[in-house]
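Just below is one structure, and these are the notes that go with it.
Residue numbers (the numbering used here), protein chains in the order written: chain A, 8 to 317; chain B, 8 to 317.
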């Protein structure tokens, strides 16, 4: 049983509450706490030593990554982050200087995005360091973007470059809060998700929530230098395109807008964010599933990004 | 370096934000998100296998305890709980039926207190089960109670019975939400904390926040049957009174009110909650420190509940 099946099994019959605008199954929970114009965003995420970072990661990077993952989810809803609680699971023997470094990484990123660290707790997790972040944010009701609004005909966009993140980028990526705020302030974003599981997997989450399908243009997918280098160094391993589809931990924004907004969006983005790429990588279709178009034609993309060659 | 010293070191220079009414150092963070009459309460807490429960605990009890700990903190602020996120740290080999049992425990308690479980995540924590809960609640600005309002002359009260919780009560205690709401609705509660570290330790947290001291009346401290039984069974171990002062995990309410409210409060409590004890265990003093009065006189109580015999 994989993570998604387990979550489905645990959460399929949770009772509904009127204050819950969006519950399980989007980047953040969305709550109506009674504010006239805004909804509250609520998110938690954990990083575990040996799973999300290894013993060689700098302490500052561990703190940075833990908070940045949650911020990336707030970005994907079009929101702003507000306050965070930090849970430290400390191994039996821990180095105070290392934990202070973790907090320096947390604090620096929090300060850049106006996030107040308002508490947390320490607990023993005897075998390994664990860092869990709980984040509150908010978003104007008119600007909240979920995974479920993609419409047939929409153009599909992704920010930045994909693949090879585990070679280092995953420890120092900058969550796309400013970009997402600009997007929802200037364009009608129909659906959005942040890329943590890889384009192939997260696109499928967005499509399933929206009950649509998509066609990807292989040549348009922005592949990172690291993914290209990895493919050159190990020609027997996965191709650079496969890496961009499946490596995960990119923490870029994947979103759809009406096709008539596509060119104005690309032009405005290049002016506003000249140092960050934005690629139109395909289109939303009414027919379910994901197809990949390249110079040899159109083929189905398997669930986890495996490219099926007929 | 103990937990409290580490937290102090990590959080002493956190920047202040105008939306933070109460930050690090109380039972919950208190946030002003712009609601006219209410503040938002924000709390996280984790339980770890082998630390907060052992392998023999029923799965339902694990889920119950994880959420109940957070609810107890919301109670201590005089608040109501609203929404929760659940983080499951799953060991490499885990039993789906056990995790479903954990969720049954969570869901049953959440339903009783009107808490919406709005999401969460699963991660790998290879060596042991970890369950972290993040809770949102709220409280009327006029009814929010912190640790810092105790005043010299106040009467000090504790609900329930203390000591011996690890013999079983810690896995099935009911958080005192209804009692705390009733208290703040009918009396001016000056300061309140929930008892997780033991009366001696948590009283000291309340007193330090309030910059006051206290005198406890030994004969008035309500000692649980389990603590008395443990003291009978092992006369060489700690006394029943010591257990009530230091065992921890009681999750009862400790609070102070003006001395003129003491008798009306006891009378009204007995009528409203006939099945739950309320004991006046001492008084707040201007002089710092904790003193214990018994038939032999008044002596200082050491930091962690050790009773200093001159």
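Heads up, the beta-carbon is just placed ideally off N, CA and C, and yes, glycines get one too.
Practice item. Using a Cβ-Cβ cut-off of 8 Å, state whether residue 77/B counts as contacting chain A. Key: no
Point to revise | Cα-Cα separation, residue 109/B to residue 21/A | key: 14 Å
Practice item. For residue 66/A, I'd like the list of residues in its chain whose CB is within less than 7 Å of its CB, leaving aside the five on either flank, ordered along the chain. Key: 105, 108, 109, 112
Practice item. Compare the C-beta of residue 49/B with all C-beta atoms of chain A and state if any pair is closer than 8 Å. Key: yes
Practice item. Inspect the beta-carbon positions of residue 294/A and residue 220/A and report whether they are closer than 8 Å. Key: yes
**Study point:** Boundaries of the alpha helix (DSSP H) in which residue 249/A is found, first to last residue
**Key:** 247-253
Practice item. Determine, using beta-carbon pairs with one atom in the segment 131-147 of chain A and one in the segment 206-223 of chain A, whether at least three such pairs fall under 8 Å. Key: no
Check your understanding: Looking only at DSSP bridge pairs, what is residue 229/A linked to?
Key -> Its beta-bridge partners do not exist; DSSP assigns none.
Point to revise | Contact belief for residue 260/B with residue 82/B at Cβ below 8 Å, rounded distance in angstroms | key: 7 Å
Check your understanding: Among all the DSSP beta bridges, which residues are the ones paired with residue 201/B?
Key -> 260/B
Check your understanding: Do residue 75/A and residue 48/A have their C-beta atoms within less than 8 Å of each other?
Key -> no
Check your understanding: Any C-beta of chain B sitting closer than 8 Å to the C-beta of residue 13/A?
Key -> yes
Check your understanding: Since residue 266/A is in the beta strand (DSSP E), which residue starts that stretch and which ends it?
Key -> Note, residue 266/A: premise wrong, no beta strand (DSSP E); not H, not E.
Review point. At a CB-CB cut-off below 7 Å, which residues of chain B make contact with residue 203/A?
Key: Neighbours of residue 203/A on chain B: none; closest Cβ ~10 Å, over 7 Å.
Practice item. For residue 315/A, I'd like the list of residues in its chain whose CB is within less than 8 Å of its CB, leaving aside the five on either flank, ordered along the chain. Key: With a pLDDT of 48 at residue 315/A, under the threshold of 50, the predicted position of this residue should be treated as unreliable, though the coordinate-derived value follows. Here the set comprises 306, 307, 308, 309.
Review point. Residues of chain B with CB under 9 Å from residue 8/A, in chain order?
Key: 103
**Study point:** Contacting residues, own chain, Cβ-Cβ under 6 Å from residue 122/B (five flanking each side not counted)
**Key:** 88, 91
Review point. Should residue 25/A be labelled buried (16 or more other beta-carbon atoms within 10 Å of its own) or exposed?
Key: exposed
Review point. Given residue 44/B, which residues of its chain have a CB within under 7 Å of its CB, disregarding the five upstream and five downstream residues?
Key: 147, 148
Check your understanding: Less than 8 Å separating the beta-carbons of residue 264/A and residue 161/A?
Key -> yes
Check your understanding: Helix, strand or coil: which one does DSSP assign to residue 6/A?
Key -> Beyond the ends of chain A as shown, which are 8 and 317, falls residue 6/A; an answer cannot be given.
Exercise for review: Leaving aside the five residues before and after residue 277/B along the sequence, list all residues of the same chain whose C-beta is less than 8 Å from its C-beta, in chain order.
Suggested key: 285
Check your understanding: Are the CB atoms of residue 167/A and residue 254/A nearer to each other than 8 Å?
Key -> no
Review point. If you count every other CB in all the chains shown that lies within 10 Å of the CB of residue 182/A, and 16 or more means buried, which is it?
Key: buried
Point to revise | Straight-line Cα distance separating residue 234/A from residue 317/A | key: Low confidence applies to residue 317/A: its pLDDT is 39, below 50, so where it sits in the model is not reliable, and the reading given next is rough at best. Using only the alpha carbons, I get a separation of about 25 Å.
Review point. Quick one: is residue 255/B near chain A, going by C-beta distance under 8 Å?
Key: no
Check your understanding: For a contact meaning CB atoms closer than 8 Å, what does residue 61/A contact in chain B?
Key -> Going along chain B, no residue has its Cβ under 8 Å from residue 61/A, so there is no contact; the nearest lies around 13 Å.
Point to revise | Anticipated Cβ contact below 8 Å, residue 156/A with residue 198/A, distance rounded | key: 4 Å
Review point. First and last residue of the alpha helix (DSSP H) that includes residue 29/B?
Key: Per DSSP, residue 29/B belongs to no alpha helix (DSSP H); it is in the beta strand (DSSP E), 27-29.
Practice item. Work out the CA separation of residue 178/A and residue 69/A for me, nearest whole Å. Key: 7 Å
Review point. Of all the CB atoms in chain B, is at least one closer than 8 Å to the CB of residue 317/A?
Key: Interpretation of residue 317/A is limited by its pLDDT of 39, a score under 50 that renders its predicted location unreliable; the figure taken from the coordinates is listed afterwards. It does not; no Cβ of chain B falls within 8 Å.
Exercise for review: Throw me the rounded Cβ distance for the residue 165/A and residue 85/A pair, which I believe falls under 8 Å.
Suggested key: Incorrect: roughly 16 Å between the Cβ atoms, too far for contact.
Practice item. Have a look at the DSSP bridge pairing and note the partners of residue 287/B. Key: 164/B
Exercise for review: Report the residue ranges of all beta strand (DSSP E) runs contained in full by the segment 104-153 of chain A; include only those spanning at least 3 residues, in chain order.
Suggested key: 123-131, 137-147
Review point. If you measure from the beta carbon of residue 89/A to each beta carbon in chain B, is any gap under 8 Å?
Key: yes
**Study point:** residue 56/A, buried or exposed, once every other Cβ within 10 Å from all chains shown has been counted against 16
**Key:** buried
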